[in-house]
Amino acid sequence: MSELVTRAQIILLARTLHVSPHRLAHLERLGAEHLHDLQQRMAAVIFDEHAETFRRISKLVPFIPLSISMPLVQRIVPPMMTGRAAGAVGIDHPRKASETLTLLRTSYVADCAPYLDTRTIGTVAEIAPTESVIEVVNEVLRRRDYVTAGPFLGAATPELIAAVERGVPDDEGMIFSAAFAYSAASISAIMRQLLTGPAQRVPRMVHTVLIGSPELQSAALSVFARCDTDVVGAVGDILFSIGSTASIGTLVSNAGRMGVTAELLTFTGQLSPLSLDRMAANPVVAETDTLTGLVGALDGRTRPDSWRGLLELGVRLDGGSKRMLARLLSQLPEPTVGQLPQRATEAGLWPKLLDLIADADADVQARIGAIWAALPAERRTALQRHLDETATDPRLNILRGAIPTISVEEVFFRRRQMRRHGPGSADFERGWVPTRPRSNPSSERRG
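Residue numbers (the numbering used here): 26 to 472.
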């Protein structure tokens, strides 16, 4: 997940623990997934500690008329206390909770929203009147509190998503909020609604992104990269149909400056062939600095979707840029170059990888071949199979010549040797082949 999602989880965890986000900055290395799990666990502990208090409050709800209690609540109860109790009360008394939202000022509900138990946001969003929720979302976006809005978008029901399309006009706010949301499935559902819904919001949203700040563009790439493939393809077609060459180039450049190149490549890997061709033809993509950034962003990354974007883009570049990309790949650390076959297998892009290497300079092919030649025997057999499929392509002769051939039978033989003699034995390291001991002629004569 992107750094924006990780940052959102840090802020939510800080709110749960009542500390400054700066005190938790060292936890960013855990990543969004682990931080989300940690925040949920801490929320469970803290809210469960106050469960008895919330139950007592909940028991009073049926006996106190809301028309009397709500004005008092807004006047004397801090939003933090109301927000923390709202989840438990809403679950116990959904009808009362629904009515409560219509009696409270929108600004007060927006003040309470950051303190809701994130585990109950989905339930609250489901039982609350849609119109009231939309009013609160608009107020939160007006305050630019995108971290608070993110979980609401992440928990949105289909009915609420449709209402968001109609009733939330702030494209920029929606993009930032979606970038901070944790659930990729929910973000994809929202983008699909904006694509297919009656308002047809995506063209306007894409235009907002193209003329927006680098921060907005990086947030948009984070959102688009987490959507389903069909959604990304449709958004990409719109992007390249309304975006000029200059604006697309600016988007690519800003992705590098804002540190979201991996998200750009994930997005690129799911584009339609026509959009990929237009991306590859953009002069900014062919710049050495851009190509260096694209390759460098994937050093150490194992997710196949980003590698798919690089290879799909790479094979569509012109000759000089294609050779430069292959050279940059070969200059990555040896462990990363050695993992290229695995990345190609995971992404299903062996033909693309070999096509990229085929047009590379001789020294580039030789370096890649030397690194691949040192791979374990099992991995080289799979590599050999793909090279055999391109046996008629003379452009790969240098690569083939650098990698010793090995058969599946030889791999199985070596496995048996390792089980029999152990991987550390000198005979095994020399490729020793066991033979049956020769008989002693003198003993045969004595027999």
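Don't be surprised by glycine CBs; every beta carbon is placed ideally from N, CA and C.
Given a cut-off of 8 Å on the beta-carbon distance, is the pair PRO239 and ASN279 in contact?
Between PRO239 and ASN279, the CB-CB gap stays under 8 Å.
I need the boundaries of the alpha helix (DSSP H) containing VAL158, first residue and last residue.
VAL158 -> alpha helix (DSSP H) spans 155-167.
Whether THR275 touches ALA322 by CB criterion (8 Å)
No, Cβ-Cβ distance for THR275 and ALA322 is not below 8 Å.
Please say whether LEU178 and LEU246 have beta carbons closer to each other than 8 Å?
Their beta carbons are not under 8 Å apart, which means LEU246 does not touch LEU178 by this criterion.
Considering only residues of the same chain and omitting the five flanking positions on each side of ARG251, which have a CB-CB separation below 6 Å?
Within the same chain, ARG251 has close Cβ partners ALA209, ILE212.
Starting from ASN279, trace the alpha helix (DSSP H) in both directions and tell me its first and last residue.
For ASN279, the uninterrupted alpha helix (DSSP H) run begins and ends at 270-282, by DSSP.
Rounded to whole angstroms, what is the Cα-Cα separation between PRO473 and ASP388?
In this structure the chain extends from 26 to 472, so residue 473 is not present and cannot be described.
Pull up the CB-CB distance for ARG109 and ASP142, whole angstroms please, since I reckon it's below 8 Å.
Cβ-Cβ separation between ARG109 and ASP142: approximately 7 Å, consistent with a contact (criterion under 8 Å).
Taking the alpha helix (DSSP H) that PRO183 falls in, what are its first and last residues?
Where PRO183 is concerned, the enclosing alpha helix (DSSP H) starts and stops at 183-192.
So for LEU357, helix, strand or coil by DSSP?
DSSP, read as helix, strand or coil, puts LEU357 in coil.
Proximity to PHE265 [Cα-Cα], best of MET283, LEU241, ALA306, GLY281:
Of MET283, LEU241, ALA306, GLY281, the residue nearest in Cα terms is ALA306.
Cα-Cα separation, ALA135 to ALA174
For ALA135 and ALA174, the distance between alpha carbons rounds to 10 Å.
Neighbourhood of THR315 by C-beta distance below 8 Å, restricted to the same chain and skipping five residues each side:
Around THR315: VAL277, SER278, GLY281, VAL309.
Would you mind working out which of ALA385, LEU421, THR31 sits nearest ALA206, comparing C-alpha positions?
Comparing Cα positions, the closest option is THR31.
Which of the three DSSP states, helix, strand or coil, is assigned to LEU129?
If DSSP states are grouped into helix, strand and coil, LEU129 belongs with coil.
Grouping DSSP H, G and I as helix and E and B as strand, with all else coil, what is ILE431?
In the three-state reduction of the DSSP assignment, ILE431 falls in the coil class, being assigned neither a helical nor a strand state.
Three-state secondary structure assigned by DSSP to ILE236
Assignment of ILE236 by DSSP, reduced to helix, strand and coil, places it in the coil class.
Which listed residue (ALA395, SER157, ILE431) has its alpha carbon closest to that of ARG410
Relative to the Cα of ARG410, the nearest Cα in the group ALA395, SER157, ILE431 belongs to ILE431.
What does a CB cutoff of less than 7 Å around ALA187 pick up in its chain, not counting 5 residues either side in sequence?
For ALA187, where only same-chain residues beyond five positions count, the Cβ hits under 7 Å are GLN218, GLY222.
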